[in-house]
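A.B. asks: Handing you a structure now.
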Amino acid sequence: MSRLALALLLATPLAAAAQYPPPYRFPPPPPPPPPAYVAPWGPPLSPFYFNLGLGYGNGGTYRDGYWTPLSAYGGSGGLAYHVEAGARLMPQLLLGFDLTGLSTFGDAAYGGSAGVTLINYDAVATLFPFVRGFFLRGGAGLSTLTVSAPVPGLVGVSYLGTNVLLGAGWALPVAVPLHVTLGMDWAHQFFGAAEVTGSSVWMMRLGLGWY
Numbered sequence: 001m002s003r004l005a006l007a008l009l010l011a012t013p014l015a016a017a018a019q020y021p022p023p024y025r026f027p028p029p030p031p032p033p034p035p036a037y038v039a040p041w042g043p044p045l046s047p048f049y050f051n052l053g054l055g056y057g058n059g060g061t062y063r064d065g066y067w068t069p070l071s072a073y074g075g076s077g078g079l080a081y082h083v084e085a086g087a088r089l090m091p092q093l094l095l096g097f098d099l100t101g102l103s104t105f106g107d108a109a110y111g112g113s114a115g116v117t118l119i120n121y122d123a124v125a126t127l128f129p130f131v132r133g134f135f136l137r138g139g140a141g142l143s144t145l146t147v148s149a150p151v152p153g154l155v156g157v158s159y160l161g162t163n164v165l166l167g168a169g170w171a172l173p174v175a176v177p178l179h180v181t182l183g184m185d186w187a188h189q190f191f192g193a194a195e196v197t198g199s200s201v202w203m204m205r206l207g208l209g210w211y
């Protein structure tokens, strides 16, 4: 009986120690950090684009080796217009067809109306370096220059040539993908005619675009 009591006394501390885990040799690992904040994506980009704009422009032609302002043809004013459409190749890059035009109009010296209409038909690439907002454009294509007759009874003349176009602007979101656009283009034409070898114009515009 005494041996049984002695065994129980020795087993009691061992059983109590077994109920508690041994102390850590090293401090417990820190808790995991909270998940990093990820900014939400902006509205989706349209796979195609369209832009229509109106504004003001000016310039002139190279006639017989001399620079001749467009107003010298008898016209005044400078209505600039612009239409473009195409597809989005990458988030920053658009490619499509572009029509830019500039028309002057007024009264001829001997009565009637006079003016000049210059139209560019171009393939244009548009680059948005920051995906939205600021953009750069560049392209090339065909051009037509039509000069109305300054004297009643005479027939106007037209020229066919080529051009290069450079531009920049800003697309301001209104209700994405709808944007208000502000842009400026410069274009140089090559006609190669004996009396008109080329021309150079600039155009500013305000437009409404879908991007």
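Reminder that position 89 of the sequence shown reads as 89 in our numbering, one-by-one numbering, no gaps.
The beta-carbon is built from N, C-alpha and C at its ideal position, and this holds for glycine as well.
#1: Given a threshold of 16 other Cβ atoms within 10 Å of its Cβ, counted over all protein chains shown, does V147 qualify as buried or as exposed?
#2: Mapping the DSSP letters down to three states, classify Y73 as helix, strand or coil.
#3: Excluding the five sequence neighbours on either side, which residues of its own chain have a C-beta within less than 6 Å of the C-beta of A187, listed in chain order?
#4: Tell me P173's beta-bridge partners as DSSP assigns them.
#5: Take L95 as the anchor and find which of G207, G138, L145 has the nearest alpha-carbon.
#6: Is A87 helix, strand or coil when you go by DSSP?
#7: For D218, count the other beta carbons within 10 Å of its own beta carbon; 16 or more makes it buried, fewer makes it exposed. Which is it?
#8: To which residues of the same chain is T197 closer than 7 Å at the C-beta, ignoring the five residues directly before and after it?
#9: If I follow the unbroken beta strand (DSSP E) through R63, where does it start and stop?
#10: Cα-Cα, which of G115, A125, P177 is closest to P47?
#11: Here's a check: name, in chain order, each residue in its chain whose Cβ is nearer than 6 Å to the Cβ of G60, leaving out the five neighbours to either side.
#12: Does the beta-carbon distance from D98 to A72 come in below 9 Å?
#13: Tell me, please, whether the CB atom of A168 is closer than 9 Å to any CB atom in chain B?
#14: Can you list the beta strand (DSSP E) stretches of 3 or more residues lying completely in the segment 182-210, in chain order?
#15: Assign A175 to one of two classes, buried (16 or more other C-beta atoms within 10 Å of its C-beta) or exposed (fewer than that).
#16: Where does L45 sit, in a helix, a strand or coil, going by DSSP?
C.D. replies: The answer reads as follows:
#1: Stepping through the sequence shown from its first residue, residue 147 is reached at position 147. Answer is buried; the Cβ neighbour count reaches 16.
#2: Taking the sequence shown and counting its residues from 1, the one referred to as residue 73 is at position 73. Helix at Y73.
#3: On the sequence shown, position 187 is the one that residue 187 refers to. N120, N163, L165, V201, listed in sequence order.
#4: Taking the first residue of the sequence shown as position 1, residue 173 is located at position 173. P173 pairs with H179.
#5: Your numbering for residue 95 matches position 95 in the sequence shown. When each option's Cα is compared against that of L95, the closest is G138.
#6: Mapped onto the sequence shown, residue 87 falls at position 87. Strand, per DSSP.
#7: Absent from the model: residue 218. The displayed extent of the chain is 1 to 211, so no value can be given.
#8: If you number the sequence shown from 1, residue 197 lands on position 197. Hits under 7 Å: Y62, F191.
#9: Looking up residue 63 in the sequence shown gives position 63. Taken as a continuous stretch (DSSP letters only), the beta strand (DSSP E) holding R63 covers 48-63.
#10: Stepping through the sequence shown from its first residue, residue 47 is reached at position 47. Looking at the Cα atoms, P177 is the closest of the given residues.
#11: Position 60 of the sequence shown, counted from the start, is the residue given in the question as residue 60. So the list reads W67, T68, P69, L70, once near-sequence residues are dropped.
#12: In the sequence shown, counting from the first residue as 1, residue 98 sits at position 98. In the sequence shown, counting from the first residue as 1, residue 72 sits at position 72. In this structure, A72 does not lie closer than 9 Å to D98 by Cβ.
#13: In summary, chain B is missing from the structure at hand, where a single protein chain is found.
#14: 198-210
#15: On the sequence shown, position 175 is the one that residue 175 refers to. A175 comes out exposed.
#16: Residue mapping note: residue 45 aligns to position 45 of the sequence shown, counting from 1. In this structure, L45 counts as coil in the three-state DSSP scheme.
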